[in-house]
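Asks:
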Amino acid sequence: MRIQEILAQQRAYAASGAALEAAARVEALDRLEEGIRRREGEIYQALRADLNKPPFESYLCEVGMTLEELRFLRRHLRRWMRDVPVPTPLSQFPARSFRRPEPYGVVLILAPWNYPFLLSMQPLLGALAAGNTVVLKPSAYAPATSA
Numbered sequence: 000m001r002i003q004e005i006l007a008q009q010r011a012y013a014a015s016g017a018a019l020e021a022a023a024r025v026e027a028l029d030r031l032e033e034g035i036r037r038r039e040g041e042i043y044q045a046l047r048a049d050l051n052k053p054p055f056e057s058y059l060c061e062v063g064m065t066l067e068e069l070r071f072l073r074r075h076l077r078r079w080m081r082d083v084p085v086p087t088p089l090s091q092f093p094a095r096s097f098r099r100p101e102p103y104g105v106v107l108i109l110a111p112w113n114y115p116f117l118l119s120m121q122p123l124l125g126a127l128a129a130g131n132t133v134v135l136k137p138s139a140y141a142p143a144t145s146a
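Going by numbering that gives the first Met the number 0, 90 is the number at position 91 of the sequence shown; the sequence numbering is gapless.
1. If contact is defined by three or more beta carbon pairs under 8 Å, each pair taking one atom from either stretch, is the segment 88 to 104 in contact with the segment 39 to 58?
2. What are the boundary residues of the alpha helix (DSSP H) that Phe71 is part of?
3. Can you look up Pro115 in the DSSP assignment and give me helix, strand or coil?
4. Spell out the partners DSSP gives Leu50 in its beta bridges.
5. Count the other CB atoms, across all protein chains shown, that sit within 10 Å of the CB of Ile2; report buried if there are 16 or more and exposed otherwise.
6. Please look up how many angstroms separate the CB atoms of Pro86 and Phe97, rounded, as I've assumed it's under 8 Å.
7. Give me the Cβ distance between Ala13 and Val105, rounded to the nearest whole Å; I'm assuming they're in contact under 8 Å.
8. Which of the three DSSP states is assigned to Pro142 in this structure?
9. Please return the same chain residues whose Cβ sits closer than 7 Å to the Cβ of Gly61, not counting the five positions on each side in sequence.
10. Taking only the alpha-carbon atoms, compute the straight-line gap between Asp82 and Gln44 and give it to the nearest angstrom.
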């Protein structure tokens with residue numbers, strides 16, 4: 000599949016509004032967590048192959064921090080999605096003003112090689128929690144983790 004086709008699909012999904020609801024965002028985070036937990040051993044093997052990291056360090060510095068970020072995002076997501084009241088100019092009385100957080104749409108994440116799992120997943124989690132779609136480009140210098 001060519002990059003233009005991928006971007007067109009991402010833009011169409013973002014424009015559909017399917018990821019605007021909190022339930023859809025939480026579901027995306029849940030599915031990602033399930034995938035991480037299911038493939039945790041493979042992630043450790045990939046980090047060993049790319050960076051010679053032992054499993055304990057891989058968990059401590061990459062997988063564990065990613066799972067904690069997931070829990071944090073799920074816990075605070077609905078509060079972050081609320082409208083935030085802001086001052087209304089007197090000339091607009093009796094109106095009310097607020098700031099509504101909205102997704103950007105399609106987000107590109109370019110991951111570095113030094114913490115290939117963590118620095119791919121943390122921005123991905125934040126982007127998904129914010130309701131964006133993501134194109135993730137993993138590092139070519141961490142081929143096992145990128146696979």
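Each residue gets a CB set at the ideal place from its N, CA and C atoms; glycine is no exception.
Replies: A quick look at the data gives this:
1. no
2. 63 to 80
3. coil
4. Leu50 is not bridged to any residue.
5. exposed
6. Actually they are not in contact, since the Cβ atoms of Pro86 and Phe97 sit about 10 Å apart, beyond 8 Å.
7. 6 Å
8. helix
9. One point to set straight first is that residue 61 is Glu, not Gly, in the sequence displayed. Correct list, in chain order: Leu46, Tyr114, Phe116, Leu117.
10. 43 Å
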